[in-house]
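K.L.:
Residue numbers for the sequence shown, in the UniProt record's numbering: 1 to 421.
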Amino acid sequence: MAKTPTQPGSPAARAAQAKAAVEPAKAASSKASAPAEKVRLFSRYRSWFNGKVGRPTATYYWIIGTTVTLTLIGRMTVLSASTAETISEGKDPYELFIRESQFAVGGLILMFILSCVPPRVLRKLGWPLLILALVLLALIFSPLGIDINGNLNWLALGPVTFQPSEAAKLALAIWIGAVLSLKGTLVRQFVHVLLPVGAGGAAVLGLILGGKDLGTAIIVGMMILSGLMFAGVRKWLLGLALVAAAIVAIVFSAMSSNRTGRFASWLGDCSEPGACDQYLNGVYALASGGWFGVGLGQSRQKWSWIPEAHNDFIFAIIGEEFGLLGTLVILALYAVMAFAIFRIINTRNEPFSRIVCGMILTWIIGQAVVNIAVVVGLLPVIGVPLPLISYGGTALVMVLAAIGVVLSFSRTEPESTLKTS
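(1) Between Gly282 and Val375, is the Cβ-Cβ spacing less than 7 Å?
(2) With DSSP run on the structure shown, which of helix, strand or coil describes Trp154?
(3) Any idea if Gly90 is buried or exposed, counting beta-carbon neighbours within 10 angstroms, 16 or more meaning buried?
(4) In whole angstroms, what separates the C-alpha of Leu418 from that of Arg348?
(5) Who are Asp147's beta bridge partners in DSSP?
(6) From the DSSP output, in three-state form, read off Phe409 for me.
(7) Can you tell me where the alpha helix (DSSP H) with Val190 in it begins and where it stops?
(8) Given 8 Å as the limit, is there contact between the stretch 226-243 and the stretch 172-183, that is, 3 or more CB pairs closer than that?
(9) Let me check understanding here. Comparing Cα to Cα, which of Gly326, Tyr284 and Phe322 lies closest to Ile306?
(10) Who are the Cβ neighbours of Leu237 in its own chain at under 8 Å, not counting the five residues just before and after it?
(11) Would you call the stretch 386-403 in contact with the stretch 256-269, where contact means no fewer than 3 C-beta pairs closer than 8 Å?
(12) Check Val248 in the structure and name its three-state DSSP category.
(13) DSSP on Thr347, reduced to helix/strand/coil?
(14) Does Ser416 pass the burial test, meaning 16 or more other C-beta atoms within 10 Å, or should it be called exposed?
(15) Sort Ser101, Leu152 and Ala245 by Cα distance to Leu137 and report the nearest one.
(16) Quick one: using the 10 Å Cβ neighbour count with 16 as the cut-off for buried, is Ser226 buried or exposed?
(17) Tell me which residues share the same chain as Phe252 and place their Cβ nearer than 7 Å to its Cβ, disregarding the 5 neighbours each side in the sequence.
(18) When you compare only the Cα positions, how much space is there between Val406 and Ala368?
(19) According to the neighbour-count rule (16 or more other Cβ atoms, all chains shown, within 10 Å of its Cβ), is Ser408 buried or exposed?
(20) Do the stretch 162-172 and the stretch 123-136 meet, that is, are 3 or more Cβ pairs less than 8 Å apart?
(21) Under a Cβ-count criterion, where at least 16 other Cβ atoms within 10 Å of its own Cβ denotes burial, should Met255 be classed as buried or exposed?
(22) If we count Cβ pairs, one from each stretch, closer than 8 Å, do we get three or more for the stretch 108-123 versus the stretch 323-343?
(23) In its own chain, which residues sit with a C-beta less than 6 Å from the C-beta of Phe322, not counting the 5 before and 5 after it?
(24) Which residues in the same chain have their Cβ closer than 6 Å to the Cβ of Lys3, if we skip the five residues on either side of it in sequence?
(25) Near Val356, what residues of its chain come up, given a Cβ to Cβ distance below 7 Å and the 5 sequence neighbours on each side ignored?
(26) Which residues bound the alpha helix (DSSP H) around Phe141?
(27) I need the DSSP call for Thr66, collapsed to helix, strand or coil.
(28) Does DSSP put Val356 in a helix, in a strand, or in coil?
(29) In the DSSP assignment, what are the bridge partners of Phe162?
(30) Which parts of the stretch 69-132 are runs of the alpha helix (DSSP H), unbroken and 4 residues or longer, counting only runs that do not cross its ends?
(31) Below 8 Å, how does it come out for the stretch 379-396 and the stretch 359-368: are there three or more Cβ pairs, yes or no?
(32) When DSSP labels each residue in this structure, what does Leu186 get in the three-state scheme?
(33) Is Thr77 near Ile314, with beta carbons less than 7 Å apart?
(34) Check whether the Cβ atoms of Val397 and Phe97 sit closer than 7 Å, and answer yes or no.
(35) Let me check understanding here. Comparing Cα to Cα, which of Arg411, Met359, Ile372 and Glu350 lies closest to Gly184?
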């Protein structure tokens, strides 16, 4: 039976037109609902994540921003500073850059993981981390230890080589924070400072100094002093510890002809051939950079004029290629990071977070100040890298891990709402 055609204007025709208009609208609505559903899923995941590990604060993003920026600048400068030596040696000019970039990616992942670890878990890891650090430091005196430039501070485990002293810095910060936070007001008594913190810190420093790494020992000593200060130790105890540290540094400097030579060249004695080359060429690099630098990759001092241009003296290469403006940007980034970490310290009532963050602040910012002071000639050369910028996989990964620990504290609520873990 033939279907009767619908008359225009009839009720059936109007219903058909309305149906045809609704169907495209439904299709468009279903297409638009897919991104909206994804947004809702992401929002639910974010709410769950923030509920589990804590909601990030503004300080969290300040630290993330400065850390990532310094890391990127560092990898770019390492590429520029290392190509001269690798090309002259007939090696792949991108070898060090690729290797360092892999460490940077791994360090950033580790930083994110540690930022999600609750402070109460970090406190429980204090003693195991210290014991592990002491074992690794002791292994450098075994056949696994590697001597580089007169310092026995490297460990080779199969194809992997690393510096256990860098890992010991983070372990020591968490351990001292865990121990002193449990002592409460007892930290004002000498015996409770000496045991176990004094003994544990002395053991770590002794093993590092046994490997002849005075530069790292100085940074670790600064960390221990800052941990005692943030714990509320009496001032005369801090003064006593400072005097003892100064005596040890002077004695170990006098025991090495290399260190006494560095100190003499810093004072202006350039009678020995090449004694002042590193310092003078670093100053020349900074001076030739002017206000805006000679341009990325255009450094002349990196062509074997400055030893370790991609490591200890990388700040001189930044000053030459990016000028005074570039160095001021680096200083500003470190200043913002220091302010953000200090803000965490200042807004936390719990001593564990204050001590750990204070020691990490001293580690990163203190080491940066020492490195820059060496490059500009305010201190003798002691061989410490510029955090997040200098070449060195172990140092980069451990600094990023330490920042992850700081980020874990920034996820908690400040002061009145903070619960003691």
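Cβ atoms here follow ideal geometry from the backbone N, Cα and C, with glycine treated the same way.
On a predicted model such as this, the values are computed, not experimentally measured, just so you know.
P.N.:
Taking the geometry as given:
(1) Taking the first residue of the sequence shown as position 1, residue 282 is located at position 282. Taking the first residue of the sequence shown as position 1, residue 375 is located at position 375. Going by C-beta atoms, Gly282 is nearer than 7 Å to Val375.
(2) For this step, residue 154 is matched to residue 154 along the sequence shown. Strand at Trp154.
(3) Walking along the sequence shown from the start, residue 90 turns up at place 90. When all chains shown are included, Gly90 counts as exposed.
(4) Mapped onto the sequence shown, residue 418 falls at position 418. Mapped onto the sequence shown, residue 348 falls at position 348. Note that Leu418 has pLDDT 41, beneath the 50 cutoff, so the model's placement of it is unreliable and no number is given.
(5) Mapped onto the sequence shown, residue 147 falls at position 147. Partner(s): Leu152.
(6) Here residue 409 corresponds to residue number 409 of the sequence shown, with the count starting at 1. If DSSP states are grouped into helix, strand and coil, Phe409 belongs with the helices.
(7) Numbered from its first residue, the sequence shown carries residue 190 at position 190. For clarity, residue 190 is Phe in the given sequence; the question names Val instead. Counting along the chain, the alpha helix (DSSP H) containing Phe190 begins and ends at Phe190 to Val193.
(8) yes
(9) Position 306 of the sequence shown, counting from 1, holds the residue named residue 306. The option with the nearest alpha carbon to Ile306 is Tyr284.
(10) Taking the sequence shown and counting its residues from 1, one reaches residue 237 at position 237. Cβ within range, chain order: Phe190, Val193 and Leu228.
(11) no
(12) For the purposes of this step, residue 248 is taken as residue 248 along the sequence shown, with counting starting at 1. Here Val248 sits in helix by DSSP.
(13) Here residue 347 refers to the residue found at position 347 when the sequence shown is read from its first residue. Correct three-state label for Thr347: coil.
(14) The residue given as residue 416 occupies position 416 in the sequence shown. For Ser416, the pLDDT reaches just 42, beneath the cut-off of 50, and the residue's location in the model is therefore unreliable, leaving the point undetermined.
(15) Locating residue 137 in the sequence shown gives position 137, counting from the first residue. The option with the nearest alpha carbon to Leu137 is Leu152.
(16) The residue you call residue 226 lines up with position 226 of the sequence shown. Burial call: buried.
(17) By 1-based counting over the sequence shown, the position of residue 252 is 252. The residues are Leu209 and Leu214.
(18) On the sequence shown, residue 406 is found 406 positions in, with the first residue counted as 1. On the sequence shown, residue 368 is found 368 positions in, with the first residue counted as 1. Their backbone Cα atoms lie some 17 Å apart in a straight line.
(19) The sequence position of residue 408 within the sequence shown is 408, counting from 1. Buried, because 16 or more other Cβ atoms sit within 10 Å of the Cβ of Ser408.
(20) yes
(21) Indexing the sequence shown from 1 puts residue 255 at position 255. Under this definition Met255 is an exposed residue.
(22) no
(23) In the sequence shown, the residue the question calls residue 322 occupies position 322. Answer for Phe322: Gly293, listed in chain order.
(24) By one-based count along the sequence shown, residue 3 stands at place 3. Note that Lys3 scores 48 on pLDDT, short of 50, meaning its location in the model is unreliable and no value can be drawn from it.
(25) For the purposes of this step, residue 356 is identified with residue 356 of the sequence shown, where counting begins at 1. Taken in chain order, the residues that qualify are Ala173, Ile174, Gly177 and Val405.
(26) Along the sequence shown, one-based indexing puts residue 141 at 141. Segment: none, Phe141 is in no alpha helix (DSSP H) and carries neither H nor E.
(27) For the purposes of this step, residue 66 is taken as residue 66 along the sequence shown, with counting starting at 1. In this structure, Thr66 counts as helix in the three-state DSSP scheme.
(28) Start at 1 with the first residue of the sequence shown, and residue 356 comes out as number 356. Of the three classes helix, strand and coil, the one that applies to Val356 here is helix, per DSSP.
(29) Residue 162 sits at position 162 when you count from the first residue of the sequence shown. For Phe162, which the question treats as bridged, DSSP gives the partners Leu155.
(30) 95-115 and 119-124
(31) yes
(32) Taking the first residue of the sequence shown as position 1, residue 186 is located at position 186. Three-state DSSP puts Leu186 in a helix.
(33) If you number the sequence shown from 1, residue 77 lands on position 77. If you number the sequence shown from 1, residue 314 lands on position 314. Contact flag set, yes.
(34) Looking up residue 397 in the sequence shown gives position 397. Looking up residue 97 in the sequence shown gives position 97. Cβ atoms of Val397 and Phe97: not closer than 7 Å.
(35) Taking the first residue of the sequence shown as position 1, residue 184 is located at position 184. Among Arg411, Met359, Ile372 and Glu350, the Cα nearest to that of Gly184 belongs to Glu350.
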